[in-house]
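Counting with this note's numbering, you get residues 1234 to 1591 for the letters of the sequence shown.
Notes for the one structure printed next.
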Amino acid sequence: MLSTAVTRLLEIDVPLIQAPMGGGPSTPEMAGTVSDAGALGSLAGGYLSGSQISQQIAAVRAVTNKPFAVNLFAPHDSAPTPEEIDEAQRLLEPYRRELGLPARGEAGPAAHDFDEQLQAVIDEKPNVVSFTFGLLPPAAVASLKDAGCVLIGTATTVAEAVAVAESGADMVCAQGSEAGAHRGTFLSDGTDALVGTIALVPQVRDFVSIPVVAAGGIMDGRGVVAVLALGAGAAQLGTAFLRCPEAGTAPAHRQALSTATDTSTAVSASITGKPARGINNRLMRELAGHAMPAYPHTNALTSELRRRAAELGEAELMSLWAGQGAPLGTELPARELVAKIAEDAATALTRLGGAHGS
Ligand SMILES: Cc1cc2nc3c(=O)[nH]c(=O)nc-3n(C[C@H](O)[C@H](O)[C@H](O)COP(=O)(O)O)c2cc1C
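Right under this line is the structure:
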């Protein structure tokens, strides 16, 4: 379709990346199908162990021999005090009881072992490795490059994009404030870094020399053409793929997406300790304003209750991650969605060409 610096580097036909979506929605079936259709599918490795990453990569390779990406979370930690953890647990007790869980649970490990995840990726050598929440350690960058992986780092501000480029990444994904789920912000307070996609992409393009991928609020072919016009070489879409049958999105999450409006979402740090955009529900509203321990600790403290809410179909107590473009989503199978986005982008380009000529 459209050849750009990104499509050439990633060896894909369509300037489209299916975003990694941790916590369930990303599946090997979806990543493999998207890649097989000529775009770039992504596995979400951030919440997986090294062996789970290896298994998921093998499952993608059973679907396609085309390039695909594996996503990692840059290692980071914070050290909340026992009092802060206790206060957060106390706040969560009524919700846990409401869902039939013991008042206090055993929070699992806050984060998976990054070195183990990295080793699995180095062993498997996927064509592309994307990352968010910060920079990869220099040794990890060197090892992944030796393994032949193209590296894409996430930025939500111009300063972060410059840092991603200086860290040795091959491309930067500029994540606008419309984007669903966690903000990749790592150099400023999350609430200062809510720059919209249409403002962020051209500024990043002007400040860094590596190719730019645009993310946030892009749902269809029109959106892809818009970000290409702003200087991006491809668009990364998450929310648009959440309702595909191949996605692992929970039924109550799918239902909430199908009735969302342009004003349904909000950004909150209360659910996981890191700013994230989701459909505003009771959990988000009631935890708002409470100072929760930083990510990944609150994420670990709330994960059992959010998982149980999903099992029970209690949408008001789940995390309903979604971007501002959610109402534009469809239930098309992944292969058809990629084809439709490519076709609609070509139509939008032709229309613009006609407008220019008239
Ligand atoms: C449910 C969900 C989970 C996500 N999980 C991840 C993740 O694990 N890693 C990551 O880099 N980005 C993740 N993202 C963010 C996407 O990479 C991307 O920035 C975002 O989806 C773009 O905005 P959009 O949702 O409006 O398309 C997630 C997005 C969603 C909707």
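Quick reminder that beta carbons are idealized off the backbone N, C-alpha and C, glycines included.
Applying the criterion that 16 or more other CB atoms from any shown protein chain within 10 Å of the CB defines a buried residue, is E1339 buried or exposed? exposed
How big is the Cα-Cα spacing for V1361 and E1326? 41 Å
Boundaries of the alpha helix (DSSP H) in which I1431 is found, first to last residue: T1430 to F1440
Does at least one heavy atom of ligand 1 sit under 8 Å from the Cβ of L1463? no
Would you say Q1557 and E1411 are within 9 Å of each other, going by their C-beta atoms? yes
Rounding to the nearest angstrom, what Cα-Cα distance links P1371 and E1576 in this structure? 40 Å
Within 10 angstroms of its Cβ, does H1523 collect 16 or more other Cβ (buried), or is it exposed? exposed
Q1285 Cβ short of 8 Å to ligand 1 heavy atom set: No.
DSSP three-state label for T1580, please. helix
In terms of residues, what are the limits of the beta strand (DSSP E) holding T1365? Note, T1365: beta strand (DSSP E), V1361 to T1365.
Between the beta-carbon of R1416 and the beta-carbon of A1432, is there less than 9 Å? Not closer than 9 Å, so no.
Does the Cβ of E1399 lie closer than 8 Å to at least one heavy atom of ligand 2? The model depicted lacks ligand 2 and carries ligand 1 instead.
Sorry if obvious, but does the Cβ on G1558 come closer than 8 Å to a heavy atom of ligand 1? yes
Using the C-alpha atoms, what's the distance from E1547 back to T1531? 20 Å
Span separating the alpha-carbon of L1305 from that of G1471: Each residue's CA atom was taken as its position, placing L1305 and G1471 some 16 Å apart.
Can you tell me whether M1263 sits near ligand 1, meaning its C-beta is under 8 Å from at least one heavy atom of the ligand? no
At least 3 beta-carbon pairs within less than 8 Å: the region 1505-1515 vs the region 1475-1483: no
Under the rule that 16 or more other beta-carbon atoms within 10 Å means buried, what is L1276, buried or exposed? buried
Member of Q1288, L1553, G1255 and A1543 whose CA lies at the smallest distance from the CA of V1354: Of the residues Q1288, L1553, G1255 and A1543, the one whose Cα lies closest to the Cα of V1354 is Q1288.
I want to check one thing, is the minimum distance from the CB of A1521 to the heavy atoms of ligand 1 below 8 Å? no
The region 1379-1395 contacting the region 1452-1467, beta-carbon criterion three pairs below 8 Å: no
Identify whether N1304 lies in helix, strand or coil by the three-state DSSP scheme. Three-state DSSP puts N1304 in a strand.
Taking buried to mean at least 16 other C-beta atoms within 10 Å of its own C-beta, is G1590 buried or exposed? Here the model assigns G1590 a pLDDT of 42, short of 50, so the residue's position is not dependable, and the following value carries that caveat. Burial is judged here by how many other beta carbons sit within 10 angstroms of a residue's own beta carbon; G1590 has fewer than 16 and is exposed.
Residue environment, L1585, which counts as buried when at least 16 other CB atoms sit within 10 Å: exposed
Quick one: Cα of E1549 to Cα of T1430, how far? 28 Å
Reduced DSSP secondary structure (H/G/I, E/B, other) of R1330: helix
Are at least three pairs of beta-carbons, each pair with one atom in the region 1329-1347 and one in the region 1292-1303, less than 8 Å apart? no
Assigned exposure category for P1526 - 16 Cβ within 10 Å defines buried: Flag for P1526 reads buried.
Please return the same chain residues whose Cβ sits closer than 8 Å to the Cβ of D1403, not counting the five positions on each side in sequence. L1242, V1383, L1384, I1385, I1443 and P1444
Kindly examine ligand 1 and report whether one of its heavy atoms sits closer than 8 Å to the Cβ of A1448. yes
How about F1364: is its Cβ closer than 8 Å to a heavy atom in ligand 1? Checking the 8 Å criterion, the Cβ of F1364 is within range of a heavy atom belonging to ligand 1.
In three-state DSSP terms, what is T1240? Helix, per DSSP.
Using a threshold of 9 Å, state whether the C-beta atoms of M1551 and R1539 are closer than that. yes
Continuous alpha helix (DSSP H) stretch holding I1286: start and end: G1283 to V1296
Beta-carbon proximity of A1467 to A1493, cut-off 9 Å: no
Short of 8 Å in beta carbon distance, which residues of its chain neighbour T1498, apart from the five on each side in sequence? Order them along the chain. G1413, R1510, G1511, I1512, N1513, A1555, G1556, Q1557 and A1559
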